[in-house]
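All residue numbers for the sequence shown refer to the numbering used here, where the first residue is 30 and numbers rise by one.
For glycine and all other residues, C-beta sits at the position ideal for the given N, C-alpha and C.
In this text the structure is predicted, and so the values were computed from the model without any measurement.
A short write-up of the structure that comes next.
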Amino acid sequence: MSKEPAIINIFANEDKFSTNTAQLLKRKLEQSGFAVPDTFDPQAELIVCVGGDGSFLKTLQELRFPDIPFVGINTRHLGFFQELQPDKLDEFIFNYRQGKYTVQELKTVGAVVRDKDAVYEYTALNEIMIKGDESRPIHLNLSIGDNFIERFSGDGVLIATPAGSTAYNYSLGGSIVDPRLSLLQVTPIAPMNTTAYRCFTSSIVLPADLSVHVVPEFEIERGVRIVVDGIEHHHGPVQEIAAKISPFIVKLIRFENYDFWTKVKSKFL
Ligand code: NAP
Numbered sequence: 030m031s032k033e034p035a036i037i038n039i040f041a042n043e044d045k046f047s048t049n050t051a052q053l054l055k056r057k058l059e060q061s062g063f064a065v066p067d068t069f070d071p072q073a074e075l076i077v078c079v080g081g082d083g084s085f086l087k088t089l090q091e092l093r094f095p096d097i098p099f100v101g102i103n104t105r106h107l108g109f110f111q112e113l114q115p116d117k118l119d120e121f122i123f124n125y126r127q128g129k130y131t132v133q134e135l136k137t138v139g140a141v142v143r144d145k146d147a148v149y150e151y152t153a154l155n156e157i158m159i160k161g162d163e164s165r166p167i168h169l170n171l172s173i174g175d176n177f178i179e180r181f182s183g184d185g186v187l188i189a190t191p192a193g194s195t196a197y198n199y200s201l202g203g204s205i206v207d208p209r210l211s212l213l214q215v216t217p218i219a220p221m222n223t224t225a226y227r228c229f230t231s232s233i234v235l236p237a238d239l240s241v242h243v244v245p246e247f248e249i250e251r252g253v254r255i256v257v258d259g260i261e262h263h264h265g266p267v268q269e270i271a272a273k274i275s276p277f278i279v280k281l282i283r284f285e286n287y288d289f290w291t292k293v294k295s296k297f298l
């Protein structure tokens with residue numbers, strides 16, 4: 030009986046160069062004996078994502094963090110998660126078939142948002158951000174574990190994973206964290222520090238077993254924006270948001286010359 034071909038899914042952003050690269054890769058993979066369906070197949074052994082980090086994050090959200098390894102082909106973007114250059118497709122197929130790669134496991138952050146009617150759950154690879162729904166300061170009662178820490182006043186807070194530490198977190202003055210560490214970073218967004226309001230101005234770093242609890246204060250019926258890897262979700266008055274490291278792990282294929290700190294140096298310095 031003949032063996033079924035291994036399945037590889039390909040996703041590409043709408044950019045012409047990305048779609049052309051995806052079509053070329055599909056042809057090359059099929060010539061090498063792989064099956065490449067036109068729609069997502071959960072039996073796939075690999076998902077290829079063609080585009081930038083943003084396209085990769087959107088694919089993760091759309092597929093709801095499947096337990097299938099990903100590899101990214103970077104088409105003219107920053108490409109922090111994206112491993113391969115589009116002119117290296119043959120090399121990629123050769124190395125993949127030979128098993129010449131490692132799998133990097135990235136932690137994710139999860140949040141449970143509770144309002145008076147319902148409970149919503151979110152997962153992110155980079156970060157979950159809590160902001161006001163209007164361009165006015167938001168007041169958030171922040172606890173870590175069971176300990177009340179502060180009444181934060183400002184634009185909001187961002188809860189970043191190590192993988193997300195190089196994204197929005199870094200622009201806000203947060204620290205770059207090696208993704209081998211298991212922690213969360215709570216970074217303030219424009220914290221107010223006056224005689225009327227006092228709050229931390231630096232990031233707070235938490236171990237994996239602690240969660241962050243946020244209780245917003247509302248003077249009038251105003252809402253909260255929860256931004257999950259750049260995707261906005263609008264809520265009315267929220268009673269509580271609880272965030273912690275989530276059980277979902279994102280697996281990324283890396284080839285032999287991958288090193289996190291070399292990547293940081295090449296993308297930021
Ligand atoms: P976008 O506004 O189109 O892209 C934001 C930039 O962040 C892109 O250059 C993207 O890389 C890069 N990026 C994403 N994840 C990264 C990571 N882990 N490390 C380093 N850089 C990373 O938004 P998007 O494409 O939808 O991506 C959503 C992400 O953008 C959010 O998760 C947030 O972290 C980030 N963001 C950053 C800022 C800021 O720094 N001020 C503001 C808003 C959002 P590519 O070019 O490869 O796509």
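### Query
How many angstroms separate the CA atom of Asp238 from the CA atom of Gln60?
Walking along the sequence shown from the start, residue 238 turns up at place 209. Walking along the sequence shown from the start, residue 60 turns up at place 31. If I take the Cα positions, the gap works out to 47 Å.
#### Entry: Check whether Ile76 and Phe40 have beta carbons under 8 Å apart
For this step, residue 76 is matched to residue 47 along the sequence shown. For this step, residue 40 is matched to residue 11 along the sequence shown. Against a cut-off of 8 Å, the Cβ pair of Phe40 and Ile76 comes out as a contact.
### Task
Measure from the C-beta of Thr230 to each C-beta in chain C and report whether the shortest distance is under 8 Å.
Among the chains of the structure shown, chain C does not appear; only one protein chain is present.
### alpha helix (DSSP H) runs wholly inside the region 61-96, at least 4 long, in chain order
82-92
### Query
If you run the structure through DSSP and keep just helix, strand and coil, what is Asn198?
Counted from its first residue, the sequence shown places residue 198 at position 169. Helix at Asn198.
### Task
Verify whether the separation of the beta carbon atoms of Asp162 and Val241 is less than 8 Å.
Within the sequence shown, the letter at position 133 stands for residue 162. Within the sequence shown, the letter at position 212 stands for residue 241. It is not a contact, given that the beta carbons lie outside the stated cut-off.
### Query
Based on Cα-Cα distance, which residue from Pro34, Leu53, Pro191 and Arg209 lies nearest to Pro115?
Position 86 of the sequence shown, counted from the start, is the residue given in the question as residue 115. Per the Cα distances, Leu53.
### Message
I'd like the list of long-range same chain contacts for Ile233, defined as Cβ closer than 6 Å, with 5 residues on each side in sequence excluded.
### Response
Looking up residue 233 in the sequence shown gives position 204. Closer than 6 Å at the Cβ level, and outside the excluded window around Ile233, lie Val215.
### heavy atom of the ligand NAP below 7 Å from Thr152 C-beta
Translated into positions along the sequence shown, residue 152 becomes position 123. Not under cutoff, so the answer is no.
### Query
Opposite Gln214 in the DSSP bridges: which residues?
Indexing the sequence shown from 1 puts residue 214 at position 185. DSSP output for Gln214 lists Ala189 and Val234 as bridge partner(s).
### Query
How should Leu210 be labelled, buried or exposed, when 16 other C-beta atoms within 10 angstroms of its C-beta is the threshold for buried?
Within the sequence shown, numbered from 1, the residue matching residue 210 stands at position 181. The residue is exposed, with fewer than 16 neighbouring Cβ atoms inside 10 Å.
### Query
Can you tell me whether DSSP reads Arg56 as helix, strand or coil?
Against the sequence shown, residue 56 aligns to sequence position 27. Correct three-state label for Arg56: helix.
### Task
Report the rounded CA-to-CA distance for Ser84 versus Gln72, giving the unit in angstroms.
Working through the sequence shown from its first residue, we reach residue 84 at position 55. Working through the sequence shown from its first residue, we reach residue 72 at position 43. Rounded to the nearest angstrom, the two C-alpha atoms are 22 Å apart.
### Task
Under 7 Å Cβ to Cβ from Gly183, same chain only, skipping five residues before and after it: list those, please.
In the sequence shown, counting from the first residue as 1, residue 183 sits at position 154. Only Pro166, Pro217, Ile218, Ala219, Pro220, Met221 and Cys228 meet the Cβ criterion.
### Query
Leaving out five residues before and five after Ser172 in sequence, what residues of the same chain have Cβ atoms less than 7 Å from its Cβ?
As a position in the sequence shown, residue 172 is number 143, starting the count at 1. Apart from the 5 residues on each side of it in sequence, Ser172 sits with its Cβ closer than 7 Å to the Cβ of Ile178 and His242 in its chain, given in chain order.
### Task
For the alpha helix (DSSP H) containing Arg126, list its first residue and its last residue.
Residue 126 sits at position 97 when you count from the first residue of the sequence shown. Leu118 to Gln127 is the extent of the alpha helix (DSSP H) around Arg126.
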